[in-house]
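Chains as they are written, first to last, in our numbering: chain A, 66 to 428; chain B, 66 to 428.
Virtual Cβ for every residue (Gly too), placed ideally from N, Cα, C.
As structure tokens, this is what we get:
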């Protein structure tokens, strides 16, 4: 008999007493899943989402559904989360969907696309705008079920060893940059590289890279880029929002009792909200420390923004022609952006503008 | 427990319960709570939060913890939710905390204050900035436990029968306006009125009111104000965010098993996220319909904004002197605003500005 079965046998004993038999008879079985993240424990923001989720599922299943959390590399390599989930090596993974665009560029919509929605808008699209269902039609083709796992908000445009004064300065620039942005910026002469977090610092220090974009102040500070690249650019026009992803093996998902499917959805939604809140508390403090340590903030020149916008549109047209899944998700999300913008402009944007004016003019 | 770790308490419970038989032995009993909202069923946004919450709690307790939802007035009057919860007439209520400022002006911080945080910032303050704990220190004095129940985002400044061209036009203006804004705007000569939703339409139609602020396009459209007041002003500088509240009788809260306390927190957090997403989908569509029906959008004149800002600051100074709870929460939240703003300016705000520029200039 396996260790554990002995203890479990006592449940039968409990049932036999008849004390609480009806409730216990309907009790779903004990279940343990393994969830691996692409991120190390040191990134309390990203890895923290998994810990929150795991605790929430345990509480919401009265401890019967356990999700064990593993950090980057503990079971499978950090950027092979999707493969591990598809094959069932782990039941569940936590990653950035756009790392897997090699399988199909439509993976990008799990994360976000350059010049896409902001964080509030993408949550609206996910939870109430049909986004989750549309993504899951697509991810079913990869034997996965997908849920949003939080958002970083608008990221920073990254760390540059030299200033970027015009689009000419992007010519030949070697930059660690994720997602579709790298492909779009190739049209402006940038040389995109995709490296895992751990390798970027050395590459930037040695000059193998000229620039690195990672996330924002809180995560970037931990990786120490400010020590070797003084210019910190904003905004990340390629990650106006950046959603994280929970991937679940589709067979395992379908085998879950409906109530536990709902528990997973509720726990993921709460974990996502908590993650955004954590970023919104940690980023302002980290930004202040970075500036105190000599980081120089710069906004991207207007021609870089405008040319990148055009390059992104060109890229979307090309991808839409070749990849039907990309086209379907792109058209849906861009229509949603057009739908949202007029309201955003007069509501939150005009309020934010007012509050920044009041601060600047010291009302 | 560290302030901010509002879900972490569960870890102890989790570890203590062990894996199998002991957990079942501790299975909590069947429980039914009554939750009444201040809002009618027709407001799918606000009332919908309660329905989401109730389903989530049922799923996350395996159906053993039932929260029955009641609409405005079904058990207690719509604006007496807090009294009903304090006295235990209902275990739980859903309302706008600022309706109860007569008890103590610090109730305002459950909802939001004029020129306060935006929706993302207040969630950061609530969930990760110590806001929930600080509010609950205060609400414990009223025999209640409080959780955020979603947010409308930045509201509209309301419906006006005549245009507001300068602050002079506020002199003697009779306006249905909630929260601290009414008191602040009295300093500019406005005559604030607090009426329940159902009574405002007739008052505006008869000219007993000159203006009405309610929420935003989605909710306002249902109340039909556009038929009788053509000018729709933005932004609501008094509700740059507006949080809704779950109030729970403190004795009932303390009697809950720790796991079910966590289930309530998780369900409330998910319901809150879903509510914001719903507003962000429904508002843009309603705005479009309103404009098609003849509504004329206007932004408040600069002198109204600036004078209102000064009036609000004066009011906060007065209230802080008289009410220590108000001072404590005000100072904490205003410090948080100062902490957040520099980051907000270069991240989401600059991204939003970029995207609106791209749309306006048709890049």
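- Using a Cβ-Cβ cut-off of 9 Å, residue 185 (chain B) is close to 184, 185, 218, 341, 342, 345 and 413 of chain A, given in chain order.
- For residue 408 (chain A), the nearest CB of chain B lies under 7 Å from its own CB, placing it at the interface with that chain.
- Between residue 191 (chain B) and residue 197 (chain B), the C-beta gap is smaller than 7 Å, which places the two residues in contact.
- Nearest Cα to residue 372 (chain A) within the set A:321, A:207, A:233 and A:421: A:233.
- Contacts between residue 404 (chain A) and chain B, judged by CB atoms closer than 9 Å, involve 346, 349, 350 and 353 in chain order.
- Residues of the same chain with a CB within less than 6 Å of the CB of residue 285 (chain B), apart from the 5 flanking positions on each side, are 279 in chain order.
- Every beta strand (DSSP E) stretch that sits fully inside the segment 186-229 of chain A and reaches 3 residues is listed by chain position as 209-216 and 223-225.
- One Cα belongs to residue 365 (chain A), the other to residue 137 (chain A), and the distance between them is close to 32 Å.
- The beta carbon of residue 428 (chain B) falls within 7 Å of a beta carbon belonging to chain A, placing the residue at that interface.
- Annotation: Cβ neighbours of residue 334 (chain A) in chain B (cutoff 8 Å, chain order): 334, 335, 338 and 339.
- For the options B:127, B:111 and B:169, the alpha carbon positioned closest to that of residue 160 (chain B) is the one of B:111.
- One finds 123, 124, 125, 127 and 128 in chain A with Cβ atoms closer than 9 Å to the Cβ of residue 324 (chain B), taken in chain order.
- Using a Cβ-Cβ cut-off of 7 Å, residue 229 (chain B) does not count as an interface residue toward chain A, since no Cβ of chain A sits closer than that to its own.
- By the C-beta criterion, the segment 137-156 of chain B is judged to be in contact with the segment 301-320 of chain B, since at least 3 inter-stretch pairs fall below 8 Å.
- When 8 Å is used as the limit between beta carbons, residue 328 (chain B) is near these residues of chain A: 124 and 125, in chain order.
- In chain order, 131 place their CB closer than 6 Å to the CB of residue 97 (chain B), counting only its own chain and leaving out the 5 sequence neighbours on each side.
- Exclusion of the five residues before and after residue 171 (chain A) leaves 203, 388, 390, 391 and 394 as the residues of its chain whose Cβ lies within less than 7 Å of its Cβ.
- Membership of residue 347 (chain B) in any beta strand (DSSP E) is not indicated; the residue belongs instead to the alpha helix (DSSP H) covering 323-357.
- Just measuring C-alpha positions, the residue of B:381, B:104 and B:417 sitting nearest residue 248 (chain B) is B:381.
- Residue 129 (chain B) carries a coil assignment under DSSP once its states are collapsed to helix, strand and coil.
- When DSSP states are grouped into helix, strand and coil, residue 387 (chain B) belongs to the helix group.
- Residue environment analysis places residue 320 (chain A) among the exposed positions, since fewer than 16 neighbouring C-beta atoms fall within 10 angstroms of its C-beta.
- Excluding sequence positions up to five before and after residue 268 (chain B), its CB lies within less than 6 Å of the CB of 274, all in the same chain and listed in chain order.
- For residue 399 (chain B), the closest C-alpha among the options B:418, B:412, B:386 and B:378 is that of B:378.
- Contacts with chain A at 7 Å (Cβ-Cβ) do not include residue 368 (chain B).
- Distance from the CA of residue 239 (chain A) to the CA of residue 356 (chain A), rounded to the nearest whole angstrom, comes to 25 Å.
- In the three-state DSSP reduction, residue 240 (chain A) falls in the strand class (E or B).
- Around residue 302 (chain B), the beta-carbon contacts reaching into chain A at under 8 Å are 416 and 419.
- Proximity to residue 337 (chain A) across A:94, A:106, A:115 and A:103 peaks at A:115, based on C-alpha coordinates.
- Between residue 360 (chain A) and residue 291 (chain A), the gap from beta carbon to beta carbon is short of 7 Å.
- Between residue 302 (chain A) and residue 222 (chain A), the alpha-carbon positions lie close to 7 Å from each other.
- For residue 227 (chain B), the closest alpha carbon among the candidates B:217, B:180, B:128 and B:270 is that of B:270.
- Residue 280 (chain B) carries a coil assignment under DSSP once its states are collapsed to helix, strand and coil.
- Along the segment 369-391 of chain B, going in chain order, the ones with a CB nearer than 9 Å to a CB of chain A are 370, 371, 374, 375 and 378.
- Taking the Cα positions, residue 99 (chain A) is about 11 Å away from residue 141 (chain A).
- Around residue 364 (chain A), the beta-carbon contacts reaching into chain B at under 9 Å are 411 and 415.
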